[in-house]
Amino acid sequence: MNLNLRPKEECTFDAVSLGEVMLRLDPGEGRIRTARSFRAWEGGGEYNVVRGLRRCFGLKTAVITAFADNEVGMLMEDFILQGGVDTSLIKWMETDGIGRTCRNGLNFTERGFGIRGAIGCSDRANTAISKATPEDFDFEYIFGELGVRWLHTGGIYAALSEQSCETVLAAIKTAKKYGTIVSYDLNYRPSMWSAIGGLEKAREVNREIAKYVDVMIGNEEDFTACLGLEVEGNDAELKELNLDGYRKMINHAAEIYPNFKAVATTLREVKTATVNDWSAICWADGQIYQSREYKGLEIMDRVGGGDSFASGLIYGLMTTGNAETAVNYGAAHGALAMTTPGDTTMVNKKEVEAVMGGAGARVKR
1 MNLNLRPKEE CTFDAVSLGE VMLRLDPGEG RIRTARSFRA WEGGGEYNVV RGLRRCFGLK
61 TAVITAFADN EVGMLMEDFI LQGGVDTSLI KWMETDGIGR TCRNGLNFTE RGFGIRGAIG
121 CSDRANTAIS KATPEDFDFE YIFGELGVRW LHTGGIYAAL SEQSCETVLA AIKTAKKYGT
181 IVSYDLNYRP SMWSAIGGLE KAREVNREIA KYVDVMIGNE EDFTACLGLE VEGNDAELKE
241 LNLDGYRKMI NHAAEIYPNF KAVATTLREV KTATVNDWSA ICWADGQIYQ SREYKGLEIM
301 DRVGGGDSFA SGLIYGLMTT GNAETAVNYG AAHGALAMTT PGDTTMVNKK EVEAVMGGAG
361 ARVKR
């Protein structure tokens with residue numbers, strides 16, 4: 001497939017993301033409600049993708065976001081710097097000291113185990129990035145003067161506020177003006193859309209955004225909620241991952257949005273919180289490719305698995321232009337990311353490629 005990527009030599013960044021980065025507070029093997037200590041990480045649906053592209057795959061990346069200018073914001077910046085992602089595009093916003101004007105988001109996440117599912121409890125109202133407007137970022141400078149080969153953003157950021165919907169559209173329109181490839185992860189969260197118009201608003205916003213997207217990513221529920229597309233088949237078939245239904249849905253999406261160059265969805269069958277079947281499919285050039293299947297995948301922390309799939313997919317598309325190779329990069333990277341704690345990847349490209357090639361879990365000495 002031909003994505004017509006901008007030449008690397010004329011761009012400062014291989015990829016940038018636009019979205020919120022939160023402080024994740026993790027009780028480890030315990031529960032949020034009984035914890036007396038938490039481990040701190042950074043994480044965010046859009047940011048996790050460029051962090052993976054940098055840390056695992058070695059690309060030059062940056063994050064477009066906003067932080068309240070206080071100690072927590074500086075902690076977040078330090079986490080991002082440790083991940084190798086450029087922080088020069090962060091907007092620092094004045095705060096009044098107690099978070100009335102703006103604040104930094106918190107995300108409490110417990111991992112789940114066996115029959116007890118994972119739980120996330122976000123505290124992200126009035127955050128700096130949710131209050132940011134298109135005028136807070138110089139998109140002409142970022143995409144025109146600096147140059148960016150790939151922009152990734154998503155439905156989590158779009159759902160934060162009325163302003164964030166507008167900021168996403170301003171960013172992707174400017175990116176397209178300068179030939180930047182745009183990927184978007186639908187990432188539907190009903191609780192986030194409820195205060196700004198619910199499902200109807202989610203469809204209105206995402207259908208408009210979809211007109212400018214080159215690579216659309218999501219799972220079945222995302223495509224149904226955000227774009228009104230459904231997998232055909234009854235519930236029993238869906239429990240067995242009705243691949244024919246998924247293929248029809250993706251082909252339908254490509255017909256409605258002829259601007260899509262690729263459409264990808266993860267396929268997850270949840271056995272328990274710690275055992276899932278995992279794979280993915282990707283449409284490109286009228287063909288659908290399925291990744292290797294990871295049956296009975298043992299999971300330590302499932303949060304961020306979809307984001308790591310997206311970063312592997314993007315890396316594969318950017319470097320090979322081959323959708324089948326790309327979807328296998330994505331599925332392998334997502335699978336590996338779920339074997340470690342935190343939202344972000346702790347693996348390298350060699351490990352991803354070894355898993356793609358069927359490597360087992362024997363001890364390496």
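Everything in the sequence shown is counted per the UniProt record's numbering, starting at 1 for the first residue and increasing by one. The C-beta atom is built at its ideal place from N, Cα and C for all residues, glycine as well.
Asked                                                                                              : Found
Which of helix, strand or coil DSSP assigns to F57                                                 : coil
Cβ separation of D69 and T95, assumed to be a contact under 8 Å, to the nearest whole Å            : 6 Å
Supposed contact pair M249 and L267 - C-beta distance, whole angstroms, cut 8 Å                    : Incorrect: roughly 12 Å between the Cβ atoms, too far for contact.
Contact belief for M1 with A253 at Cβ below 8 Å, rounded distance in angstroms                     : Contact flag wrong, Cβ pair sits at about 16 Å.
Whole-number beta carbon distance between S308 and G73, since they are thought to touch under 8 Å  : Contact doesn't hold; Cβ gap of about 25 Å is too wide.
Proximal residues to N322 (C-beta, below 8 Å), its chain only, five neighbours per side dropped    : M1 and G316
Where the beta strand (DSSP E) containing N107 begins and where it ends                            : L106 to E110
N- and C-terminal bounds of the alpha helix (DSSP H) containing V72                                : E71 to Q82
Neighbour-count burial assignment, L81, 16 or more Cβ in a 10 Å radius                             : exposed
Bounding residues of the beta strand (DSSP E) (the contiguous stretch that carries S279)           : V275 to A284
First and last residue of the uninterrupted alpha helix (DSSP H) at L317                           : G305 to T320
Residue burial classification, E145 (beta-carbon count within 10 angstroms, cutoff 16)             : exposed
Residue environment, Y141, which counts as buried when at least 16 other CB atoms sit within 10 Å  : exposed
One or two residues paired with Y289 in a DSSP bridge                                              : C282
Exposure of R100, with buried meaning 16 or more beta-carbon neighbours within 10 Å                : exposed
Cα-Cα separation, G28 to T274                                                                      : 14 Å
Counted within 10 angstroms of its Cβ, other Cβ atoms place R116 as buried (16 or more) or exposed : exposed
Neighbourhood of N187 by C-beta, 8 Å cutoff - its chain only, sequence neighbours within 5 removed : G45, G154, G155, I156, G218, D222 and G306
For V21, the three-state DSSP class (helix, strand or coil)                                        : coil
C-alpha gap between G120 and D26, whole angstroms                                                  : 10 Å
Residue ranges of each alpha helix (DSSP H) within the region 169-227, 4 or longer                 : 190-193, 198-210 and 220-227
CA-to-CA distance, D136 to M76, given in whole angstroms                                           : 19 Å
Spatially closest choice to L106 from L18, L3, W41 and A195, by CA coordinates                     : W41
Length of the line joining the Cα atoms of K239 and E269                                           : At K239 the pLDDT is 43, less than 50, meaning the model places this residue with poor confidence and gives no usable figure here.
Boundaries (first-last residue) of the beta strand (DSSP E) holding K295                           : Y294 to E298
Spatially closest choice to T180 from F13, A310 and R207, by CA coordinates                        : F13
Local conformation of K239 per DSSP, three classes                                                 : Unreliable positioning characterises K239 in this predicted model, as indicated by a pLDDT of 43, which lies under 50. A coordinate reading is not provided.
The alpha helix (DSSP H) enclosing G330, as first and last residue numbers                         : A323 to A337
D235 to A332 span [Cα, whole Å]                                                                    : Note that D235 scores a pLDDT of 49, beneath 50, so its modelled location is shaky; the value from the coordinates is reported in the next line. D235 and A332: Cα-Cα distance of roughly 27 Å.
DSSP-derived helix/strand/coil call for G144                                                       : helix
Span of the beta strand (DSSP E) around A68                                                        : A66 to A68
Endpoints, the beta strand (DSSP E) within which A262 is located                                   : A262 to T272
Assigned exposure category for E220 - 16 Cβ within 10 Å defines buried                             : buried
Residue burial classification, C11 (beta-carbon count within 10 angstroms, cutoff 16)              : buried
Element boundaries [beta strand (DSSP E), containing I119]                                         : I119 to D123
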